[in-house]
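To start, the structure itself, in structure tokens.
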Amino acid sequence: MKNILTTGLVTLLLWGCAQKEVFKPYTIQPEASITQAEQFDLKDIRLLDGPFKTAMKKDGEYLKFLDADRLLAPYWKEAGVDPEAENYGGWENTGLDGHTLGHYLSSVSMMYAATGEMEYKS
Numbered sequence: 033m034k035n036i037l038t039t040g041l042v043t044l045l046l047w048g049c050a051q052k053e054v055f056k057p058y059t060i061q062p063e064a065s066i067t068q069a070e071q072f073d074l075k076d077i078r079l080l081d082g083p084f085k086t087a088m089k090k091d092g093e094y095l096k097f098l099d100a101d102r103l104l105a106p107y108w109k110e111a112g113v114d115p116e117a118e119n120y121g122g123w124e125n126t127g128l129d130g131h132t133l134g135h136y137l138s139s140v141s142m143m144y145a146a147t148g149e150m151e152y153k154s
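Numbered according to our numbering, the sequence shown spans residues 33 to 154.
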């Protein structure tokens, strides 16, 4: 009886491995009515009240919190000038000094475009 079960299981396993389905690749043709995305300026839209506007306000508060003297400190040091403030910690002390300033400049530029608030421009 044990030999019959073993033979049956081996046969099923081998038969299952031998059965190969051939999958043929196919492409889906898009419908002609699909609209392409269009580029737009941030100044052309304004967020309505909701979670995205709340998040944008929080981001704006953080940007206003950052100190320009601390962001510029690595550049002053590189130029041989004593900085007016100590630079930020984290990756600003690990050989990527000044890296945050690039993110900051991009962020305030986009925030100005999105809000029109002069505080981000000055």
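Ideal Cβ positions, reconstructed from N, Cα and C, are used throughout, including at glycine.
Close beta carbons around residue i, own chain, < 7 Å, minus the five adjacent residues each side
i      : result
Tyr107 : Gly130
Gly122 : none
Leu79  : Lys85, Met88
Asp25  : The first residue shown for the chain is 33 and the last is 154, placing residue 25 beyond what the model contains.
Per-residue DSSP class, three states only, for residue i
i      : result
Gly127 : coil
Thr67  : coil
Leu137 : helix
Asn35  : helix
Cβ pair residue i, residue j closer than 8 Å
i      : j      : result
Leu74  : Met150 : no
Leu95  : Ser138 : no
Leu104 : Tyr136 : no
Contacting residues, own chain, Cβ-Cβ under 6 Å from residue i (five flanking each side not counted)
i      : result
Ala146 : Leu74
Gly92  : Met143
Tyr120 : Arg102
Extent of the continuous alpha helix (DSSP H) to which residue i belongs
i      : result
Thr59  : Note, Thr59: premise wrong, no alpha helix (DSSP H); not H, not E.
Leu104 : 100–110
Glu151 : 150–153
Tyr94  : 83–97
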